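K.L.:
One structure, as structure tokens, below. Some questions next.
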Amino acid sequence: MRIGIAGAGFAGAVMARELADAGHDIDVFDARHHVAGNCHTERDDDTGVMVHVYGPHIFHTGHDHVWEYVLRFGQFMPYEHRVKATAGGGVYGLPVNLLTINQFFGSTMRPNEAAAFVDARSLELENQPVTFEDQALAFVGPDLYEAFFKGYTRKQWGLDPTELPASILKRLPLRFNYDDRYFDHPHVGIPADGYTPIVQWILDHPRINIHLGQHVTAADLVEFDHRFWTGPIDEYFDASHGRLGYRTLDFEVERHDGDYQGCPVMNFCDEDVPYTRVTEFKHFTPWETHSRTLTYREYSRPCGPGDIPYYPIRLVAEKTQLRQYVDLARQETGTTFLGRLGTYRYLDMDVTIHESLIGAQRFLAAVAARQPPSAFFIDPFA
Ligand code: UDP
Numbered sequence: 594m595r596i597g598i599a600g601a602g603f604a605g606a607v608m609a610r611e612l613a614d615a616g617h618d619i620d621v622f623d624a625r626h627h628v629a630g631n632c633h634t635e636r637d638d639d640t641g642v643m644v645h646v647y648g649p650h651i652f653h654t655g656h657d658h659v660w661e662y663v664l665r666f667g668q669f670m671p672y673e674h675r676v677k678a679t680a681g682g683g684v685y686g687l688p689v690n691l692l693t694i695n696q697f698f699g700s701t702m703r704p705n706e707a708a709a710f711v712d713a714r715s716l717e718l719e720n721q722p723v724t725f726e727d728q729a730l731a732f733v734g735p736d737l738y739e740a741f742f743k744g745y746t747r748k749q750w751g752l753d754p755t756e757l758p759a760s761i762l763k764r765l766p767l768r769f770n771y772d773d774r775y776f777d778h779p780h781v782g783i784p785a786d787g788y789t790p791i792v793q794w795i796l797d798h799p800r801i802n803i804h805l806g807q808h809v810t811a812a813d814l815v816e817f818d819h820r821f822w823t824g825p826i827d828e829y830f831d832a833s834h835g836r837l838g839y840r841t842l843d844f845e846v847e848r849h850d851g852d853y854q855g856c857p858v859m860n861f862c863d864e865d866v867p868y869t870r871v872t873e874f875k876h877f878t879p880w881e882t883h884s885r886t887l888t889y890r891e892y893s894r895p896c897g898p899g900d901i902p903y904y905p906i907r908l909v910a911e912k913t914q915l916r917q918y919v920d921l922a923r924q925e926t927g928t929t930f931l932g933r934l935g936t937y938r939y940l941d942m943d944v945t946i947h948e949s950l951i952g953a954q955r956f957l958a959a960v961a962a963r964q965p966p967s968a969f970f971i972d973p974f975a
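If you count the sequence shown from 1, you need to add 593 to reach the numbering used here.
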């Protein structure tokens with residue numbers, strides 16, 4: 594089959610590769626002049642530091658097959674992500690762990706004591722928490738919530754935590770020991786040469802043609818036997834039900850001599866600090882030596898026309914709108930929607946890859962059975 598894929602990020606690239614390996618001919622289009630989507634990396638000429646152009650990306654996964662898959666296309670260096678947070682005039686470790694708790698409360702509690710202490714201050718809920726705030730109050734109690742989550746979340750999402758879903762906070766662990774690794778997945782790493790060469794290798798196949806700097810619409814892809822759309826789902830339908838809401842990010846780039854902040858990511862949890870975090874990229878590559886350094890000061894705001902969509906908002910209003918787009922998508926024949934923008938979900942890189950691998954199998958099975966491939970391989974509401 595001749596297959597057209599809109600988007601050369603992980604979702605589109607992995608699908609392209611799997612289908613090319615199965616003997617199909619693939620054209621991949623991307624509006625940008627590089628592959629890898631928001632995972633794109635570039636070495637800075639001035640400092641020599643590898644920069645994650647669209648903000649920090651740390652690869653972490655619990656899927657052995659996804660880890661094996663990415664290792665086929667590039668070298669990953671062992672890396673453990675540790676985040677610090679400046680809050681209320683102090684610096685602490687995140688995620689909240691026993692050191693955070695003991696430093697915050699000026700105590701010397703052991704694991705069981707700390708668990709009992711936090712539990713005694715936490716909100717008792719009769720039902721599963723629905724809002725971010727309830728989840729946080731049930732999880733860490735009011736003091737840690739106010740210090741580390743409330744202000745940061747209001748800045749990051751532009752909404753009060755009472756309006757946000759609990760699922761956002763469920764991304765973060767709470768530990769009653771001194772383990773301060775941000776991710777507890779068995780596989781964590783940073784690509785030795787950045788993410789872009791990995792995606793280039795995934796796409797390096799005689800049956801794949803890449804068209805960069807080419808913004809395509811649904812109409813541009815009609816000639817293909819099947820289409821995969823990894824751009825915003827609302828854009829495919831010309832925003833006929835209105836534009837889906839996203840948060841976008843602005844990055845203020847700074848260069849300094851030496852070591853700017855001593856760690857890769859410093860979160861700023863106080864609401865009166867206008868940015869959410871500062872990333873110092875050279876700390877992602879401790880195997881490299883650089884006398885200068887480059888930082889991104891990150892600001893979050895609503896995504897307007899022409900801005901890059903980062904975080905899908907997915908509140909009640911957006912979900913209603915999404916339902917309309919999903920209905921339209923299910924009526925289309927010959928197009929499958931994939932990835933963070935195509936399914937309007939907050940996806941990590943490994944989940945994106947996992948879903949494209951599953952999707953490719955389902956697509957190939959449908960073609961073999963002469964069935965029409967689905968509009969979604971994963972339910973966008975699951
Ligand atoms: N969060 C917070 N304070 C922090 C870090 C995270 O309140 O210092 C909240 C915030 O709402 C954020 C969510 O936890 O959106 C998930 O955090 P994560 O670090 O996974 O966000 P990402 O790196 O994907 O932006």
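In this text, a Cβ means the ideal position worked out from N, Cα and C, and glycines have one as well.
In this text, all values refer to a predicted model and were calculated from it rather than measured experimentally.
Does the stretch 847-863 touch the stretch 905-920, meaning 3 or more C-beta pairs lie closer than 8 Å?
P.N.:
No, because fewer than three Cβ pairs between the stretch 905-920 and the stretch 847-863 fall closer than 8 Å, the two stretches do not touch.
K.L.:
Since V676 contacts L887 with CB under 8 Å, what's their CB separation in whole angstroms?
P.N.:
The pair is not a contact, with the Cβ atoms about 18 Å apart (cut-off 8 Å).
K.L.:
Given 7 Å as the limit, tell me if C862 has its C-beta closer than that to any heavy atom belonging to the ligand UDP.
P.N.:
Result yes, Cβ under 7 Å from the ligand UDP.
K.L.:
Examine the ligand UDP and report whether any of its heavy atoms sits within less than 7 Å of the Cβ of I761.
P.N.:
Within the cutoff, so yes.
K.L.:
From C632 to E739, what distance separates their C-alpha atoms?
P.N.:
Using only the alpha carbons, I get a separation of about 32 Å.
K.L.:
Going by beta carbon distance, what residues of the same chain come within less than 6 Å of A707, once the five residues before and after it are set aside?
P.N.:
Here the set comprises L691, I694, F769.
K.L.:
Identify, in the order they occur along the chain, each residue of the same chain with its Cβ nearer than 7 Å to the Cβ of G863, setting aside the five sequence neighbours on each side.
P.N.:
For clarity, residue 863 is Asp in the given sequence; the question names Gly instead. Correct list, in chain order: A680, G681, G744.
K.L.:
At a cut-off of 7 Å, is A731 close to the ligand UDP when judged by its beta-carbon and the heavy atoms of the ligand?
P.N.:
No, the beta carbon of A731 sits no closer than 7 Å to any heavy atom of the ligand UDP.
K.L.:
How many angstroms separate the CA atom of I619 from the CA atom of L730?
P.N.:
Rounded to the nearest angstrom, the two C-alpha atoms are 49 Å apart.
K.L.:
Expressed to the nearest angstrom, what Euclidean distance is found between the alpha-carbon atoms of P857 and M608?
P.N.:
Roughly 32 Å separates the two Cα atoms.
K.L.:
Kindly identify the DSSP beta-bridge partner or partners of M643.
P.N.:
Paired residue(s): R636.
K.L.:
Are there 16 or more other CB atoms within 10 angstroms of the CB of K748, so buried, or fewer, so exposed?
P.N.:
Buried, by the Cβ-count rule.
K.L.:
What is the DSSP secondary structure of D614, counted as helix, strand or coil?
P.N.:
Correct three-state label for D614: helix.
K.L.:
Is there contact between the stretch 807-823 and the stretch 921-930, where contact requires at least three CB pairs shorter than 8 Å?
P.N.:
Output reads yes: the stretch 921-930 touches the stretch 807-823.
K.L.:
By a C-beta neighbour count over all protein chains shown, 10 Å radius and 16 as the cutoff for buried, is M594 buried or exposed?
P.N.:
When all chains shown are included, M594 counts as exposed.
K.L.:
Classify N690 as helix, strand or coil using the three-state DSSP reduction.
P.N.:
Note: N690 maps to coil in three-state DSSP.
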